[in-house]
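Input: a single structure, listed below in structure tokens.
2 protein chains.
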Amino acid sequence: MRDSEKSIIQRIRQLSGEGGIARIPLAIGDDAAILRFPSGHEVLVTTDFSLENVHFRRDWHPPESVGHRCLARGLSDIAAMGGQPFAAFLSLALPAQLPQKWVDGFLRGLLTLAKQHAVTLAGGDTAQSPGLGSSAKILVDIVVVGSAPRGKALRRSGAKPGDSIYVTGTLGAPALALEALLAQPRKKLHPNQYPAHFYPQPRLAIGRYLRDHRLASSMIDLSDGLSTDLHHICEESGVGAEVVAEFIPRADGGTLEQALHGGEDYELLFTAPRDRKIPRRIAGGAVTRIGKIKKGRTRVLLLEGLRRRELPAGGWEHFKKSATGLHTSGSL
Amino acid sequence: MRDSEKSIIQRIRQLSGEGGIARIPLAIGDDAAILRFPSGHEVLVTTDFSLENVHFRRDWHPPESVGHRCLARGLSDIAAMGGQPFAAFLSLALPAQLPQKWVDGFLRGLLTLAKQHAVTLAGGDTAQSPGLGSSAKILVDIVVVGSAPRGKALRRSGAKPGDSIYVTGTLGAPALALEALLAQPRKKLHPNQYPAHFYPQPRLAIGRYLRDHRLASSMIDLSDGLSTDLHHICEESGVGAEVVAEFIPRADGGTLEQALHGGEDYELLFTAPRDRKIPRRIAGGAVTRIGKIKKGRTRVLLLEGLRRRELPAGGWEHFKKSATGLHTSGSL
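Each protein sequence line maps, in turn, to chains A and B.
Under this note's numbering, residues -15 to 316 are what the first sequence spells out, in order.
Under this note's numbering, residues -15 to 316 are what the second sequence spells out, in order.
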């Protein structure tokens, strides 16, 4: 039997229990949390759903991975702004029959990642999930609040023609894991073999470095897939882009298609003026130049040897549709 | 047929479209929204689920009411802190078969209330709701962000023995509507007949007045019901309370039980030192003294004529259980 909702709240309050610290004078236990920001800073806010059978599957993902992934999505959004995260809010609706063990594992996964990045769980909401029996699903919505010095947060809209395009890390490993899961849906994958899928690491230190050193002109995190996310930068900046297939850093054993369209990489994609010197490694992570920003139409071209083809914003869609019964989604 | 998720995002972006204003330099369309707060202010954050068949029913509540109610819950939390709301974030998961008309009505209800309180819809997330056919439910999570001058937000924890206890408005009308719905589940109630249930008004102006004039020692909004919410104040303040049954302002036609335990009143419950002069009306709303704070054990006593009985924190539970198949929930 699971703890009642009230006990879950008390449990979360104990586990996170950081109200009263200087920057968060009031956390869980009142009508709203109170957050205090350094003066001269702007507040960054992002929210992300993690819904069972849409963003994860209970038979594929251990609860620790679900907790980790749902917070990682929000942290990665803050990383993409060059921000410093500092509080999270968790809205959690659970099926009546869900074992307490699942909830404990979920919270452990979430709070372990939170602690690594000095993020306090400062509030949220709990409810019983609608639906009876197995039609009731685990529903999570996570809010991450962070900050950046005024006017310094990195946006999607700053790319200029001539800028170079960079990505961090390697791409396609989460897609590779997803395809392995889809190929044998009943076989459990070991999370240690596919850490990029089960425990993605948000690139917060790299994002902050780029902001601190004013290196990037625009930035986004790779959640929908390189092809789609590069389109987002082009749309918001009113530019086009050209990327070189062989420059794209692929994960071991991964295909070009997985690197281009896989999604959920949670690496950073950014642009920088051509004369800006970008280190090959930042905060321990590789940084690779993959192409350049072009004037005019907001389209993305892929150069493959002597071929040049248009890369449509497809990305994640293709995987999602087959993946978990699913679905399209998108941040506002 | 409904717009695709991408179109829904574009639609919301158009409808809210307030990015670029001074306090919200960046809203929908990036990895995170950027909010700018006046210096010397603290940031207030609250999140609230509104789940189909838990917090509302599609056959009972018109979409405009669902949109209004989900935002009203968050605004009422900010009111209870004496805060000024200014941005909302909407996470919205929809069943594949949901008509576009429903979504439009929902957004209309939400954005009309937002506009009344100068709140900008600054971001969020969209997804398809998990489950097939009618087992897929409408899932909403709303975040409201507000502010208050540093150190001035009103908490649940400031009540002192001897303080008087006050409520705004009248209590029990939403419970009365809910009982009418339960009595004849297939009959539609007309929202105009039960505005307190279908279109509750968050008491933001009253909350701010109390904060500005430093009148209240503690405050909470009545979402779980007077009996439960008064217990919350007692627990957080480490005090007891005594309320007088005949002082409690009941809605027309409502019973004492509905006023005590009904919940979803979204009125304010606050305490103030005895010598503090509290106006009988604030910002057009009635304010009624209903009892006083006592030393010692965190229990609530009800005086009814010559009888004195303990009032357990029951509140909303009783209604919820019968109401919508439901369920317990609680804010973190």
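Cβ atoms here follow ideal geometry from the backbone N, Cα and C, with glycine treated the same way.
Only a predicted model underlies this, so the values are computations on that prediction, with no experimental measurement involved.
Cβ pair residue i, residue j closer than 7 Å
| i | j | result |
| --- | --- | --- |
| A:I277 | A:I232 | no |
| A:E36 | B:P47 | no |
| B:K285 | B:E241 | Note that residue 285 of chain B is Leu in the sequence shown, not Lys. Not in contact: B:L285 and B:E241 (Cβ atoms no closer than 7 Å). |
| B:A158 | B:H181 | Just to set this straight, residue 158 of chain B is Pro in the shown sequence, not Ala. Taking 7 Å as the Cβ cut-off, B:P158 and B:H181 qualify as a contacting pair. |
| B:A297 | B:H215 | yes |
| A:Y193 | A:I266 | yes |
| A:G142 | A:S202 | yes |
| B:R195 | B:K144 | no |
| A:G269 | A:G209 | no |
| B:G224 | B:R281 | yes |
| B:S23 | A:S23 | yes |
| A:R293 | A:G146 | no |
| B:H25 | B:P186 | no |
| B:P69 | B:V103 | yes |
| B:L295 | B:S211 | yes |
| B:G349 | B:I12 | For residue 349 of chain B there is no data in the structure shown, the boundaries of chain B being -15 and 316. |
Residues near residue i by beta carbon distance below 6 Å, same chain, minus five either side
| i | result |
| --- | --- |
| B:L94 | G51 and L55 |
| B:M(-15) | Any reading at B:M(-15) needs caution, since the residue's pLDDT is 48, under 50, leaving its predicted position unreliable; the model's value is listed next. Result list for B:M(-15): empty, nothing under 6 Å. |
| B:D213 | I204, L206 and L253 |
| A:G58 | T30, D32, I126 and V128 |
| A:R330 | With chain A covering only -15 through 316, there is no way to say anything about residue 330 of chain A. |
| B:H39 | none |
| B:A200 | L138, L194, F254 and A256 |
| B:A77 | A111, S113 and L123 |
| B:W322 | Not covered by the structure: residue 322 of chain B. The range shown for chain B is -15 to 316. |
Cut-off 7 Å between Cβ atoms - residues of its own chain near residue i, not counting five sequence neighbours on either side
| i | result |
| --- | --- |
| B:L105 | I(-4), S0, A72, L74, L95 and A98 |
| A:S306 | Annotation note: pLDDT 40 at A:S306 (below 50); position unreliable, coordinate value reported separately. For A:S306, where only same-chain residues beyond five positions count, the Cβ hits under 7 Å are L166. |
| B:A80 | Q112 and A120 |
| B:H302 | Note that B:H302 scores 45 on pLDDT, short of 50, meaning its location in the model is unreliable; the coordinates nonetheless yield the value given after this. Cβ neighbours of B:H302 beyond the five flanking positions: H245. |
| A:S(-9) | none |
| A:E288 | A229 |
| A:Q(-6) | none |
Close beta carbons around residue i, own chain, < 8 Å, minus the five adjacent residues each side
| i | result |
| --- | --- |
| B:A235 | T154, L155, G156, A157, L160, A180, Q242 and A243 |
| A:V271 | Y150, V151, T152, I190, I262, P263, R264 and R265 |
| A:R20 | A6, R7, I8 and P9 |
Residue i - partner residues in DSSP beta bridges
| i | result |
| --- | --- |
| B:H25 | B:P133 |
| B:Y150 | B:F254 and B:R273 |
| B:P69 | B:G130 |
| B:T31 | B:V127 |
| B:S202 | B:T255 |
| B:K278 | B:G224 |
| A:S75 | A:D109 and A:D125 |
| A:R293 | A:L286 |
| B:E36 | B:F40 |
| B:L155 | B:R234 |
| A:I18 | A:L10 and B:L28 |
| B:I62 | Partner(s): none; B:I62 has no beta bridge. |
| A:T104 | A:A71 |
| A:I266 | A:G269 |
Are at least three pairs of beta-carbons, each pair with one atom in the segment 5 to 17 of chain B and one in the segment 64 to 73 of chain A, less than 8 Å apart?
Between the segment 5 to 17 of chain B and the segment 64 to 73 of chain A there are three or more C-beta pairs closer than 8 Å, enough to call the two in contact.
Would you list, in chain order, the members of the segment 28 to 44 of chain A that have their beta-carbon closer than 8 Å to a beta-carbon of chain B?
Result list: L28, V29, T30, T31, D32, F33, L35, E36, N37, V38 and H39.
How do the segment 145 to 160 of chain B and the segment 252 to 269 of chain B stand: do at least 3 beta-carbon pairs fall below 8 Å, yes or no?
Per the Cβ contact rule, the segment 145 to 160 of chain B is in contact with the segment 252 to 269 of chain B (3 or more Cβ pairs under 8 Å).
Inspect the CB distances between the segment 22 to 42 of chain A and the segment 122 to 133 of chain B and report whether three or more fall short of 8 Å.
Touching, yes, given that three or more Cβ pairs across the two stretches are closer than 8 Å.
If contact means a Cβ-Cβ distance below 8 Å, which residues of the segment 272 to 284 of chain B contact chain A?
Considering only beta carbons, no part of the segment 272 to 284 of chain B lies closer than 8 Å to chain A.
Pull out every residue of the segment 211 to 224 of chain B whose Cβ sits closer than 7 Å to any Cβ of chain A, in chain order.
Residues E220.
Interface residues of the segment 70 to 84 of chain B facing chain A [CB-CB below 8 Å]
Of all residues in the segment 70 to 84 of chain B, only A71, F73, L74, S75 and A77 place a beta-carbon less than 8 Å from a beta-carbon of chain A.
Please identify, using Cβ separations under 9 Å, the residues of the segment 240 to 256 of chain A that lie next to chain B, in order along the chain.
Taking 9 Å as the Cβ-Cβ cut-off, the segment 240 to 256 of chain A has no residue approaching chain B.
Give, in chain order, every residue of the segment 146 to 159 of chain A whose Cβ lies closer than 7 Å to some Cβ of chain B.
Taking 7 Å as the Cβ-Cβ cut-off, the segment 146 to 159 of chain A has no residue approaching chain B.
Below 7 Å between beta carbons is the criterion; list the residues of the segment 111 to 129 of chain A that meet it against any residue of chain B, in chain order.
Taking 7 Å as the Cβ-Cβ cut-off against chain B, the residues of the segment 111 to 129 of chain A that qualify are A111, Q112, P114, G115, S119, K121, L123, D125, V127 and V129.
Identify each residue in the segment 3 to 24 of chain A for which the Cβ-Cβ distance to at least one residue of chain B is less than 9 Å, and report them in chain order.
Here the close residues are P9, L10, A11, I12, G13, D14, D15, A16, A17, I18, L19, R20, F21, S23 and G24.
If contact means a Cβ-Cβ distance below 9 Å, which residues of the segment 199 to 210 of chain A contact chain B?
Cβ contacts with chain B: M203, I204, D205 and S207.
Please identify, using Cβ separations under 9 Å, the residues of the segment 166 to 194 of chain A that lie next to chain B, in order along the chain.
So nothing in the stretch comes that close.
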